[in-house]
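Residues in the sequence shown are numbered consecutively from 6, following this note's numbering.
The beta carbon of each residue, even a glycine, is placed where N, CA and C say it ideally should be.
What you are looking at is a predicted structure, and each value in this text was computed from that prediction instead of being measured.
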Amino acid sequence: MSIAIAIIGYGKIAEDQHVPAIRANPDFHLAASVSRRLAGPPGVPAFASIADLSASGLPIDAVALCNTPTERPATAFEALAAGWHVLMEKPPAATLAVAEQIAAAARAAGVSLFASWHCRFGPAVAAAKALLSGRRIDSLLIDWREDVRKWHPGQQWIWQPGGFGVFDPGINGLSLLSEILPVELAISAARLETPANHQTPIAARLDFSGPGIPANAHGLFDWLEPDDRWNIHIGFEGHTLLLSHGGSRLTLDEVPQEVGNEGEYPPLYRRFAELVNHRESEVDLRPLQLVADAFLLGERVTVPAFE
6 MSIAIAIIGY GKIAEDQHVP AIRANPDFHL AASVSRRLAG PPGVPAFASI
56 ADLSASGLPI DAVALCNTPT ERPATAFEAL AAGWHVLMEK PPAATLAVAE
106 QIAAAARAAG VSLFASWHCR FGPAVAAAKA LLSGRRIDSL LIDWREDVRK
156 WHPGQQWIWQ PGGFGVFDPG INGLSLLSEI LPVELAISAA RLETPANHQT
206 PIAARLDFSG PGIPANAHGL FDWLEPDDRW NIHIGFEGHT LLLSHGGSRL
256 TLDEVPQEVG NEGEYPPLYR RFAELVNHRE SEVDLRPLQL VADAFLLGER
306 VTVPAFE
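Encoded structure:
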């Protein structure tokens, strides 16, 4: 039988990515949506809360949490207490401690928890990881830039404590980097440019360190870039690798590589089905740890107000 899944938090990412991926996967059927606005796909039962969904008696096996990082923990605990398998959008929580608590609750409930990082399922990621396996890393640059007005219009939560600011998209780059590198990395320094009227950064620079990490290893993040730039540049043993377009394209020594063109969410849901069917979990908190360390170490620089 297919897995009856409900979407919790019905916004743009749920509508554009989760719904098509669920409907294209025979292992799932979309059984319900939960939104305070009672929003959801046409023909799918909508509920205002997980409590209302649970009280309805509608059979549910799993949920996909697409709400904000600060809302996600409470809904994760509710879903796990109901015995449902849980897929969480990135990041899994606003803090590491809460993310660990969610993982512990899943273990105690005996259900699957998938703290997903959607960029890791980009078509070029596995090939990039294979090219770097066992290699010496000579240089490293994450160049992650986009226009906040384009991607987060009117969303005020991103500027509040727990909203991550420029690291809301930037954590995608960190999730890719921690996946493809053959060595672990840490933050050695950070500069966080924060608008005078907000609590989270609009731009940042990170310096990376660790065994096997070269001295020239940096990350640049900018939310004022009109042209999207989601790139990772890596030099290794005389070669240059460019993982671009958020993990969907790969260039080796300036030669484009054939990697296919499947989107991120279909393979992400195939992985979730595997976890559910085997009652296993996948929780990698390294990208969240890197962001947390950036805030711990970061020099906060106040920049002009942003409206």
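- Counting only the Cα atoms, residue 275 lies some 15 Å from residue 68.
- Residue 296 sits away from residue 228, with the two beta carbons spaced by 8 Å or more.
- Nearest Cα to residue 139 within the set 255, 241, 20: 241.
- Distance check between residue 142 and each of 246, 115, 76 places 246 closest, using alpha-carbon atoms only.
- The beta-carbon distance between residue 118 and residue 286, rounded to whole angstroms, is 4 Å. This is short enough to meet the 8 Å contact definition.
- A contact is defined here as three or more CB-CB pairs under 8 Å, and the region 112 to 129 fails this definition with respect to the region 204 to 224.
- With fewer than three CB-CB distances shorter than 8 Å, the region 79 to 93 does not count as touching the region 247 to 264.
- Looking at the backbone, the Cα of residue 199 and that of residue 224 are separated by about 17 Å.
- Counted as a single uninterrupted DSSP element, the stretch harbouring residue 8 is not any alpha helix (DSSP H) but the beta strand (DSSP E) occupying residues 8 to 13.
- Under the three-state reduction of DSSP, residue 218 is assigned to coil, being neither helix nor strand.
- Taking a 10 Å sphere around the C-beta of residue 36, we find 16 or more other C-beta atoms and assign the residue as buried.
- Residue 54 and residue 178 have their C-alpha atoms roughly 32 Å apart.
- In the structure shown, residue 63 adopts coil according to DSSP, grouped into three states.
- Per the Cβ contact rule, the region 103 to 115 is not in contact with the region 187 to 194 (fewer than 3 Cβ pairs under 8 Å).
- Closest in alpha carbon position to residue 258, among 244, 171, 271, is 244.
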